[in-house]
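Structure first, commentary second.
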Amino acid sequence: ETGVTQTPRHLVMGMTNKKSLKCEQHLGHNAMYWYKQSAKKPLELMFVYNFKEQTENNSVPSRFSPECPNSSHLFLHLHTLQPEDSALYLCASSQLTSGGLGEQFFGPGTRLTVL
Amino acid sequence: DAKTTQPPSMDCAEGRAANLPCNHSTISGNEYVYWYRQIHSQGPQYIIHGLKNNETNEMASLIITEDRKSSTLILPHATLRDTAVYYCIVRAPSSGGSNYKLTFGKGTLLTVNP
Numbered sequence: 039e040t041g042v043t044q045t046p047r048h049l050v051m052g053m054t055n056k057k058s059l060k061c062e063q064h065l066g067h068n069a070m071y072w073y074k075q076s077a078k079k080p081l082e083l084m085f086v087y088n089f090k091e092q093t094e095n096n097s098v099p100s101r102f103s104p105e106c107p108n109s110s111h112l113f114l115h116l117h118t119l120q121p122e123d124s125a126l127y128l129c130a131s132s133q134l135t136s137g138g139l140g141e142q143f144f145g146p147g148t149r150l151t152v153l
Numbered sequence: 010d011a012k013t014t015q016p017p018s019m020d021c022a023e024g025r026a027a028n029l030p031c032n033h034s035t036i037s038g039n040e041y042v043y044w045y046r047q048i049h050s051q052g053p054q055y056i057i058h059g060l061k062n063n064e065t066n067e068m069a070s071l072i073i074t075e076d077r078k079s080s081t082l083i084l085p086h087a088t089l090r091d092t093a094v095y096y097c098i099v100r101a102p103s104s105g106g107s108n109y110k111l112t113f114g115k116g117t118l119l120t121v122n123p
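Residue numbers (our numbering), protein chains in the order written: chain A, 39 to 153; chain B, 10 to 123.
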């Protein structure tokens, strides 16, 4: 595997279900990100992890719970979601250095539908 | 980070050059111009970035005006597979280990026609 991978690619869940999205980066990067893209809206940054530490939470509801066990893996745990949470969830990674530009590499995304 | 303004949509004939404009009139001296694109329902893909000078890589060219208030992304020979939403983003380098944030706008939907 190369680049950034995400599983599953598609997920349908009920509002009472608990599910997890997985992201893995094979680029040796030290930062990982979760973005949400709702229909006809710009990408919204949800969470940022730098060296496994969460450094940003953009006012994301607690029904979304991220986990970063190591610098290569990132999870997004989902529980009691709402239909309006249906969206494309994108993971990205980058190499952060002081003064660096940290180009982000994105995965293919997970298309989530909440019924 | 400075805001950018892009036209919502553009059309281009296959094989011709696609020129995508971006205005960033409030750009600061240390802010770079980035371009990403997103093919339908896929993750965004990095294209190119620049500070002052024009840049070229295997995908595209980036022309930045002398006052840095606007730029143009050029796809020299557009193909049908270049149909995508193109995002122009302005940001400064990370500092002291601060995170690198990308703020995506609505971008320009480029449609390449046969």
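The beta carbon of each residue, even a glycine, is placed where N, CA and C say it ideally should be.
Query	Result
Within 7 Å, strictly: CB atoms of Ile83(B) and Ala22(B)	no
Inter-stretch contact (C-beta, 8 Å, three-pair minimum) for the region 144 to 152 of chain A and the region 64 to 71 of chain B	no
Runs of beta strand (DSSP E) wholly within the region 45 to 113 of chain A (minimum 3 residues, chain order)	48 to 51, 56 to 63, 69 to 75, 82 to 88, 91 to 95 and 102 to 108
Residues within the region 110 to 123 of chain B neighbouring chain A, beta-carbon criterion of under 7 Å	Lys110, Leu111, Phe113, Gly114 and Lys115
Supposed contact pair Phe85(A) and Ser109(A) - C-beta distance, whole angstroms, cut 8 Å	Rounded, the Cβ-Cβ distance is 15 Å, inconsistent with contact.
Residue closest to Val121(B), alpha-carbon to alpha-carbon, out of Asp20(B), Arg77(B) and Lys78(B)	Asp20(B)
Nearest-angstrom Cα separation, counted from Glu122(A) out to Ser80(B)	36 Å
Below-7 Å beta-carbon distance, Gly145(A) vs any chain B residue	yes
8 Å contact criterion, which Gln5(B) and Thr117(B) should meet: CB distance rounded	The requested residue 5(B) is not part of the displayed model; chain B covers only 10 to 123.
Under 9 Å from the C-beta of His58(B): neighbouring residues of chain A	Leu139 and Glu141
Segment limits, beta strand (DSSP E) that includes Thr117(B)	Thr117 to Asn122
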